[in-house]
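Report on one structure; see the data block that follows.
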Amino acid sequence: PSRDEVTYFGAGPALLPTSVLEKAAQALVNYNNTGLGLAEHSHRSEIANTIINEAKADLAAFLDIPDDYDILFMSAGGTGQFSSTAYNLVGTWVANRRRRIFGTPREEGDGKPAEMQQLHDAVENDLKMDYIITGSWSAKAAAEAARLYGQDHVNVAADARLVNNGKFGIIPDESTWKLSEDAALVYYCANETVDGVEFQDFPQRLLPKPNGQGPIVVADMSSNILSRKIPVKNFSVIFFGAQKNLGPAGITVVIIKKNLIAPVSEQPSAAMMRHLGLAIPPIILQYDSIAKNNSLYNTLSIFDVYIAGQVLKKLLDTYPDKVSGQEAVAKQKADLIYGALDAHPDVYRVVPDKSVRSRMNICFRVTKGGDSETAEKDFFAQAAARGLTGLKGHRSVGGARASNYNSISLEGAQKLAQFITDFAKAP
Ligand code: PLP
């Protein structure tokens, strides 16, 4: 089939706008009549820097990112950020404690034995990373932090499974979250791609206090970035792999509050971290090294940044009120699909609780006839015959999942809603 005949609802990598791909295909062969394709140009060239700077500016414009935040392009995906966020923010935590205990910053190794002992004790007793676990991706992030630093330093502040019969599908009430005092970070996943659970708002418990001080909030927005307005100023780090709402797989974007990117001179050295018994971050995952080099510490795929940049330009052209415009469309599409599912409760069951339903990953079971395995097989086959593909749920949970990312058009969502209705009504 041609691209026009297929609407692909896969969870990622996801569809990209055809017009962007056509332009990118040309750029891959011969970029701006330079006689070289974009994947062949040096990442040290002015071309590369311009592409990076434009993509940063357009992302900042679309999401309304304040000036005291930096935007980094990194490798290693969302998974790389599970490690990176822990490494960097533990480093910042240790640097802050060292300053508090040693007094004014002094040269490395200058701490007296008693001070070093105090720092050692602080790490042992007080270093905590808080995780709110609402699905398989936040669970993975917490597991990575525990792998790097030991379970003792990971505080599972909430786990949906503990209050929902062992299953995901809800967000535990904020009043029950067991947050640590002075945590190195508080982590949550804004949209759980596998489980279809989305935070509808910024968590009240994590709001900054009136004096501006607040917890170090880290959010994984891999699967809902660019689809809703976000109060960036409440976050310390927002990260997302590009491959759902922004561009092809291969680049990961980090939006980070600049005052968290401690210069190397203020970070605990590898020797000190070793002395404290803490993991040492690989340089490629260190925000400081990436930020200082405008994301060009090492060879970056400029071609991927280019495609992401073109998607952003298209979004800016399409929506005069920027991400709010896209948010309205995302809601309209999700309402259509959920509406069709809810209209036939004898045939479909939406998996997560109504209050936390994701607009991006719509997870449901097809229960027609009682045997969902047979019904789902049938559902996928008939959907494919109408050009609606990629609807299988994640292999770990089964069922059906319609990923309703930005590049699914309103018409695509309408087609799916129609199919959901027709399938339910068929004898
Ligand atoms: N976080 C979320 C919410 C995801 O959906 C995914 C992948 O689907 C990841 C993290 C992992 O991303 P990556 O495959 O880029 O490592």
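Here the sequence shown is numbered in UniProt numbering, starting from 2 and rising by one per residue.
Glycine included, every Cβ here is placed at the ideal spot set by N, Cα and C.
C-alpha gap between residue i and residue j, whole angstroms
{"i": "T422", "j": "A403", "result": "15 Å"}
{"i": "A220", "j": "Q205", "result": "14 Å"}
{"i": "Q383", "j": "L247", "result": "30 Å"}
{"i": "I409", "j": "L342", "result": "18 Å"}
{"i": "K416", "j": "I291", "result": "43 Å"}
{"i": "residue 438", "j": "F103", "result": "This structure cannot settle anything about residue 438, because the visible part of the chain is limited to 2 through 428."}
{"i": "G79", "j": "Y150", "result": "19 Å"}
{"i": "H121", "j": "V155", "result": "17 Å"}
{"i": "F74", "j": "G399", "result": "33 Å"}
{"i": "W94", "j": "L186", "result": "9 Å"}
{"i": "L392", "j": "L29", "result": "31 Å"}
{"i": "Y288", "j": "T177", "result": "32 Å"}
{"i": "T319", "j": "P67", "result": "22 Å"}
{"i": "K259", "j": "F236", "result": "11 Å"}
{"i": "F365", "j": "F203", "result": "25 Å"}
{"i": "D65", "j": "A40", "result": "30 Å"}
{"i": "Y32", "j": "F304", "result": "10 Å"}
{"i": "N89", "j": "L180", "result": "20 Å"}
{"i": "G170", "j": "I72", "result": "32 Å"}
{"i": "residue 452", "j": "A184", "result": "In the structure displayed, the chain extends from 2 to 428; residue 452 sits before or after that span and is not available."}
Opposing strand residues paired with residue i [DSSP bridges]
{"i": "I409", "result": "Note: I409 sits in no beta bridge, so no partner."}
{"i": "K323", "result": "K323 pairs with nothing; no bridge assigned."}
{"i": "I134", "result": "D160"}
{"i": "S404", "result": "N362"}
{"i": "E193", "result": "V198"}
{"i": "K258", "result": "Y70"}
{"i": "G248", "result": "BP columns for G248 are empty, so no partner."}
{"i": "D239", "result": "Sequence check: residue 239 is Ile here, not Asp. Partner(s): A220 and I256."}
{"i": "L186", "result": "M130"}
Under the three-state DSSP convention, the category residue i falls into
{"i": "I231", "result": "coil"}
{"i": "G79", "result": "helix"}
{"i": "R350", "result": "strand"}
{"i": "N165", "result": "coil"}
{"i": "I226", "result": "coil"}
{"i": "A12", "result": "coil"}
{"i": "T390", "result": "strand"}
{"i": "A384", "result": "helix"}
{"i": "F203", "result": "coil"}
{"i": "V330", "result": "helix"}
{"i": "Y339", "result": "helix"}
{"i": "V367", "result": "strand"}
{"i": "L60", "result": "helix"}
{"i": "L37", "result": "coil"}
{"i": "V155", "result": "strand"}
{"i": "P2", "result": "coil"}
{"i": "I171", "result": "coil"}
{"i": "N295", "result": "coil"}
{"i": "N212", "result": "coil"}
{"i": "K416", "result": "helix"}
{"i": "W94", "result": "helix"}
{"i": "K24", "result": "helix"}
{"i": "S373", "result": "helix"}
{"i": "L29", "result": "helix"}
{"i": "I281", "result": "coil"}
{"i": "V7", "result": "coil"}
{"i": "H345", "result": "coil"}
{"i": "K355", "result": "helix"}
{"i": "T300", "result": "coil"}
{"i": "D65", "result": "coil"}
{"i": "R99", "result": "helix"}
Other residues of its chain near residue i: CB distance less than 8 Å, five sequence neighbours each side excluded
{"i": "L297", "result": "H44, R45, A49, N50 and I53"}
{"i": "L17", "result": "G248, P249, I308, V312 and S408"}
{"i": "T35", "result": "H42 and I48"}
{"i": "A96", "result": "A263, E267, Q268 and P269"}
{"i": "L163", "result": "P173"}
{"i": "A328", "result": "Checking the sequence shown, residue 328 turns out to be Glu, not Ala. Result list for E328: S228, R229 and K230, in chain order."}
{"i": "Q201", "result": "S356 and V357"}
Residues of its chain near residue i, where Cβ-Cβ distance is below 7 Å and the 5 sequence neighbours each way are ignored
{"i": "S302", "result": "G251 and I252"}
{"i": "D59", "result": "G310, L313, K314 and L317"}
{"i": "R98", "result": "L120 and A123"}
{"i": "I281", "result": "A271, M274 and R275"}
{"i": "F83", "result": "K141, A142 and E145"}
{"i": "G413", "result": "T8"}
{"i": "K245", "result": "G13, A15, S223, S224 and Y406"}
{"i": "K168", "result": "R162"}
Residues near residue i in its chain [Cβ-Cβ closer than 6 Å; skip 5 each side]
{"i": "T194", "result": "A12, S224 and N362"}
{"i": "residue 1", "result": "An answer regarding residue 1 cannot be provided, because it is not within the stretch 2 to 428 covered by the chain."}
{"i": "D127", "result": "none"}
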